[in-house]
Each structure stands twice: as structure tokens, then as C-alpha cells.
Amino acid sequence: MKIGPKFKIAKRLGAPIFEKTQTQKFRVKMENAPKKKGKKNVSSYGLQLIEKQKARFTYGITAGQFGRYIKEVIDSKTVHGPEELYKKLETRLDNVVYRLGLSNTRRFARQIVSHGHILINGVKNTIPSTVVRAGDVISVREGSKKTKTFHDFAERSKSLTVQDWLSFDSDKMNGKVVKLPTLQGQDVLFDLGQVIEFSKR
């Protein structure tokens, strides 16, 4: 998915939604950016649209894919809409590869999956949007471990920490979905409740 100039998009949305903008340099730029005079108050519609864009760009998925996830949540009539939407986004295979530290960006994680480097329970999977489930084991294909795709993994793994719903063995380059992720207590950059409300309009 072609996104565009990441720094400009992150600045416009007011949040470091891309990995390359999650730096001290970007935070300082945001804090020191001159405030526009005469800026109009943003409507509730505008605020909800911003939250939707933040979430979609964070996971790097198309508007169509994101819309389908939201529709599934709305159609389910669940009272835990934000929680269910969060699970759908977090349990995508490309996101799990990123969360396990096998890639330093979600975009590269999608490429890793598409090129056949990743296995789910020992079976190759090339579909980034595949939903992983509790108990699934995600691993790097044996023949891929020594390729340039993972050339910097050994160094990055020294400072690697994974979220509590995942476990990871850096020596074997495989991880497990211990349980499904929960939104509660997570430090997210967007409001999924507002995202759902926007789509109900």
C-alpha cells in the first residue's frame, strides 16, 4: 500500500504513527512546531476521521481492509467494539511478525510474509492478513534464517521485548501466541471507539 510522505502525515495527524516517526527528533519537532493562528475548531466528524486515519496508517492497511474489519465488528452487535477491532488488527500475521521483532516495521513484515519466510505451526503462509490464534507458533523458515532479510536480527534481539500476549525464543527465531491481545492497558495512539462511531454515520 502506497502511503506517501510519512513525516508529513504523522505531523498532520498529530501522532507518531509510523515507526520512523517514533523518535526523540520527531517528538521535539512536534513540540516546537509553530502553532497556526486562526485555526478552526475541528468538528466531531473531523476528530473521528483523524482517529480512523491514525489507526489505519499505524497498521498500514488499505481503506478497504480496514473498512471490512470495522463492518464485521459493527455487524456483530458486540458491546465491546473497540476491543474486538483491536484484536482483529493485532492478530494479523504481519503485525505479529512485527511484534515479535522479526521486522522493524510492519511494512517490511508484510514483505517477509509475502516472500514465504514465515511459518504458522510449521506450514508456510504468504498472506499478511492471515489471522493468528491463541496457541499458534510463528517461526522463520529454516532456509531463511541466514538470508540478508534477517541479517540484523541477532543485534536487534539483544534489546527485544515482546508484549505479554506473545512469547519468543530469539535463538530459535520462533514465537507463540500465548493468548489473544487486549486493548485494556495498551498505550495506543488512536481511539478505536471514535473510529467505530465514525463508520456508523
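Going by the numbering used here, 262 is the number at position 198 of the sequence shown; the sequence numbering is gapless.
By construction, the Cβ of each residue, glycine as well, lies at the ideal position given by its N, Cα and C atoms.
Does the separation of the CB atoms of residue i and residue j fall below 8 angstroms?
| i | j | result |
| --- | --- | --- |
| residue 256 | residue 196 | no |
| residue 115 | residue 254 | yes |
| residue 198 | residue 244 | yes |
| residue 214 | residue 204 | yes |
| residue 220 | residue 168 | yes |
| residue 232 | residue 113 | no |
| residue 200 | residue 184 | yes |
| residue 138 | residue 264 | yes |
Buried or exposed: which applies to residue i, given that a residue is buried once 16 or more other Cβ atoms fall within 10 Å of its Cβ?
| i | result |
| --- | --- |
| residue 191 | exposed |
| residue 165 | buried |
| residue 160 | buried |
| residue 181 | buried |
| residue 186 | exposed |
| residue 102 | Note that residue 102 scores a pLDDT of 49, beneath 50, so its modelled location is shaky and nothing firm can be said. |
| residue 241 | buried |
| residue 141 | exposed |
| residue 109 | exposed |
| residue 218 | exposed |
| residue 207 | exposed |
Between which two residues does the beta strand (DSSP E) holding residue i run?
| i | result |
| --- | --- |
| residue 238 | 238-241 |
| residue 247 | Here residue 247 belongs to no beta strand (DSSP E), and DSSP marks it neither H nor E. |
| residue 161 | Run containing residue 161: none in the beta strand (DSSP E); it sits in the alpha helix (DSSP H), 157-163. |
| residue 232 | 230-233 |
| residue 202 | 201-204 |
| residue 183 | 182-184 |
What's the gap between the Cα of residue i and the Cα of residue j?
| i | j | result |
| --- | --- | --- |
| residue 13 | residue 249 | With the chain represented from 65 up to 265, any question about residue 13 goes unanswered, as that position is not in the structure. |
| residue 189 | residue 174 | 11 angstroms |
| residue 143 | residue 209 | 43 angstroms |
| residue 134 | residue 127 | 11 angstroms |
| residue 121 | residue 236 | 31 angstroms |
Since residue i and residue j should fall inside the 8 angstroms C-beta cutoff, what is the C-beta to C-beta distance between them, to a whole number of angstroms?
| i | j | result |
| --- | --- | --- |
| residue 259 | residue 149 | 7 angstroms |
| residue 170 | residue 123 | 6 angstroms |
| residue 146 | residue 224 | 28 angstroms between Cβ atoms; not a contact. |
Starting from residue i, trace the alpha helix (DSSP H) in both directions and tell me its first and last residue.
| i | result |
| --- | --- |
| residue 196 | From DSSP, residue 196 is part of no alpha helix (DSSP H); its letter is neither H nor E. |
| residue 174 | 170-178 |
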